[in-house]
Amino acid sequence: MTTLAWVVVSGAAMSVIALVGSLTLVLRTATLERLLLPLVAFAAGALLGGAFFHMLPEAIAAMGAGLDTFGALLAGFVAFYLLEQYLHWHHCHDVECEHRPVGYLILAADALHNLIGGLAVGAAFTLGVPIGLSTWLAAAAHEVPQELGDFGILATAGWRPRQALLLNLASALTFPLGAVSAFLLSDVLEVSWLVPFAAGNFIYIAGSDLLPQLIEPTSMPRKLENSVALLAGIGLLLLTAAL
1 MTTLAWVVVS GAAMSVIALV GSLTLVLRTA TLERLLLPLV AFAAGALLGG AFFHMLPEAI
61 AAMGAGLDTF GALLAGFVAF YLLEQYLHWH HCHDVECEHR PVGYLILAAD ALHNLIGGLA
121 VGAAFTLGVP IGLSTWLAAA AHEVPQELGD FGILATAGWR PRQALLLNLA SALTFPLGAV
181 SAFLLSDVLE VSWLVPFAAG NFIYIAGSDL LPQLIEPTSM PRKLENSVAL LAGIGLLLLT
241 AAL
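This is the structure in structure tokens:
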């Protein structure tokens, strides 16, 4: 399979993940709440593992260990801070989150987030299929709890389930758009800087959006479960880096 085909297939697969939100319609709230935090912990580990074991080493190999690489890393971190501060974008990973009147803002922010993620994955594929797939894997791990939380907000805030699902899917289509665009533009533009930029995104999401949810007071067995899930996410990306 050609690299472009990998980009197209991975982009389409990421969009399909948006459909996982429909599980909120068939699973009990208690079951979802039981699953979400371990999923969040696993996602945080995968994002950190993807950033430190795959994206940064590949970026340094392609761009060198200079200011360009680490400047792009910091820019990615700061960019997502600004998104959260000024667009009030903050993914909810709790099916009982406050239902702020921001349904369309959630979708718009998701579309932008997915576009940036797609650009990063497309750029990663220009460095090779393995780094592209590992970047996709880390991003996909985060999409599952994100889509469950976001869809739960839309559905319980009065949106019809089919409408919420279709609009969520539509916002996810910016991912393959970004991935294919970055790959095709790599012939005329330098897109490798998007890899450390995305690593900064991943580190910010894990550190600011996900990990704080795991340090809230809870029982010791749940703390242990979340810690194991976090380490499993890191370990999976470490394993793929070692293969």
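So in my numbering, spot 140 of the sequence shown is number 140, and the numbers just go up one at a time. Built from N, CA and C at the ideal position, the CB exists for glycine as well. Just so you know, these numbers come straight off a predicted model, no measurement behind them.
For the 8 angstroms CB-CB criterion, Leu237 and Phe53 form a contact. If you draw a 10 Å sphere on the C-beta of Ala141, you find 16 or more other C-beta atoms in it, and that means buried.
Put simply, the region 40-49 touches the region 205-222. At least three CB pairs are less than 8 angstroms apart. Scanning Ser181, Ser227, Ala242 and Asn201 for the CA closest to the CA of Ala75 turns up Asn201.
In the displayed model, Asp110 falls within a helix according to three-state DSSP. Going by C-alpha positions, Pro196 is about 39 angstroms away from Arg160. Nearest C-alpha to Val9 among Lys223, Asp68, Leu173 and Ala72: Leu173. Burial is judged here by how many other beta carbons sit within 10 angstroms of a residue's own beta carbon; Ser219 has fewer than 16 and is exposed. Boundaries of the alpha helix (DSSP H) around Arg34: Thr29 to Gly49.
Rounded to the nearest angstrom, the gap between the Cα atoms of Phe70 and Thr126 is 19 angstroms. The beta carbons of Leu148 and Leu19 sit no closer together than 8 angstroms. Sequence-distant Cβ neighbours of Phe77 in its own chain, meaning closer than 7 angstroms and more than five residues away, are Gly200, Ile203 and Tyr204.
About 7 angstroms separates the beta carbons of Ser181 and Gly122, which is inside the 8 angstroms limit, making them a contact pair. In its chain, beyond the 5 residues on either side, Phe42 and Gly45 have a beta carbon closer than 7 angstroms to the beta carbon of Ala232.
For Ala140, the three-state secondary structure derived from DSSP is helix.
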